[in-house]
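Undergrad: Next up is a structure, given as C-alpha cells.
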Amino acid sequence: MSSLPTKLAAALREAAMTLVKALIAIGVFGAILFGWGYGKAREQQAFTNSLPLPNEVRQDQCAIWFVGSSTMARWTSLQQDMLPWTTHNRAIGGATLAELTTRFLNERNPQPPRAIVFYAGENDLAFGVPVKATAAAFADFMAYKRKRLGTTPVFFVSVKPSPTRWALADRQAAFDAIVQQMAVRDTDLTYVDVRDRFLVDGRPGPFYEVDGLHLNDAGYAIFSTALHRTLAADLPASLVRRCRRQSMDS
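Here it is in C-alpha cells:
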C-alpha cells in the first residue's frame with residue numbers, strides 16, 4: 204500500500220500538470236485574442252488612412268481650411284471667432300504630420316481654399332520624433348500641397364507652450380525656428396508666431412483646460428487675434444473687403 208507522502212506527491216504532480224495546461228491554454232487564448240485585436244487595429248488604421256480630411260468643403264470665395272491636430276479640432280467656436288471667413292475645420296484629434304499629409308492626399312479633386320491655417324507638429328515632438336524629422340514631415344506636406352493646390356497660402360501657427368509639455372519647450376522652439384526660416388524662403392508660407400502670448404513671467408499662462416494641454420476660450424482668443432491680424436495683412440485687400448461685405452449681408 205502506498206504511503207501517504209507518496210499519494211500526496213502524486214496528487215501535487217497532477218495538480219501541477221493541470222495548472223501548467225491551464226496556463227498554456229490561457230496563453231494560447233491570449234495570443235489569439237491579441238492577434239485578433241492587433242489585426243483589427245491595423246484594419247481600422249488602414250481604413251482611416253484611406254479617408255480624406257474630415258468635413259468635405261463646398262466651394263466658397265471666402266473659404267479657409269483649418270488643418271491640424273486636436274488643438275485645431277477642438278476649436279468649437281471657430282466659425283464665430285473667425286468671421287468674416289467661411290471656416291472649414293478639417294483637423295484630426297491626435298494627428299501627426301504624416302497622418303495629415305496622408306489624409307490630404309486622399310482628397311478627390313480638392314477645390315483650393317483662399318488659405319489654409321495649419322497647426323501640427325506638436326504631437327510628433329511629443330511622440331519622440333526628432334526636430335529635423337518633424338520639420339521634414341511638414342516640408343513634405345507643403346510639397347504635396349503645391350502639387351495639388353498650387354500657390355494656395357498656408358499660415359503655420361507656432362507650437363503653443365503648454366504646461367503638460369513644458370519639458371519639450373526647447374524642441375518646440377527649435378522646430379518653430381526651422382518653419383520660420385522656411386517661411387522666409389517660401390512665398391506660399393506665412394509663420395504666425397503666438398508662442399510668447401501664451402507665456403506669463405516666462406511660463407505657460409492660464410490659457411489651458413484642466414489637462415494642461417488643450418486650449419480654453421482665452422487660449423483660442425489668442426489664436427483668433429493673431430490670425431485675424433495676419434490674414435488681413437497677407438491676403439489681398441480686395442478679398443478681405445469682399446468677405447467682410449458678404450458676412451455682413453448674410
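Going by the working numbering, the first residue of the sequence shown is number 204, and it counts up by one from there.
Backbone N, C-alpha and C fix where the C-beta goes; we use that ideal spot for every residue, glycine too.
In three-state DSSP terms, what is F330?
TA: DSSP places F330 in coil when its eight states are reduced to three.
Undergrad: Measuring CA to CA, which of D263, A329 and A298 is closest to R317?
TA: The shortest C-alpha separation from R317 is found at D263.
Undergrad: Keeping to the same chain, check which residues put their C-beta closer than 7 Å to that of A266; ignore five residues upstream and five downstream.
TA: V260, T289, H291, P316 and R317, listed in sequence order.
Undergrad: Taking only the alpha-carbon atoms, compute the straight-line gap between N326 and L438 and give it to the nearest angstrom.
TA: Cα-Cα distance, rounded: 29 Å.
Undergrad: Please return the same chain residues whose Cβ sits closer than 8 Å to the Cβ of L254, not counting the five positions on each side in sequence.
TA: For L254, where only same-chain residues beyond five positions count, the Cβ hits under 8 Å are R306 and N309.
Undergrad: Could you tell me whether the Cβ atoms of F410 and L328 are closer together than 8 Å?
TA: No, these two residues do not count as a Cβ contact at 8 Å.
Undergrad: With a Cβ-Cβ cutoff of 8 Å, do F321 and V362 count as a contact?
TA: Cβ atoms of F321 and V362: not closer than 8 Å.
Undergrad: Return the chain-ordered ranges of every beta strand (DSSP E) run that is complete within the stretch 335 to 414 and spans a minimum of 3 residues.
TA: Runs found: 357 to 360 and 392 to 395.
Undergrad: So G271 is in the beta strand (DSSP E); what residue range does that whole segment cover?
TA: Note, G271: beta strand (DSSP E), A266 to G271.
Undergrad: Rank R406, V360, D391 and D399 by C-alpha distance to the C-alpha of A370 and give the top, closest one.
TA: Of the candidates R406, V360, D391 and D399, the one whose C-alpha sits nearest the C-alpha of A370 is R406.
Undergrad: Taking the alpha carbon of F330 as the point to measure from, which residue in A346, A218 and R368 has its own alpha carbon closest?
TA: Ranking A346, A218 and R368 by Cα distance to F330 puts R368 first.
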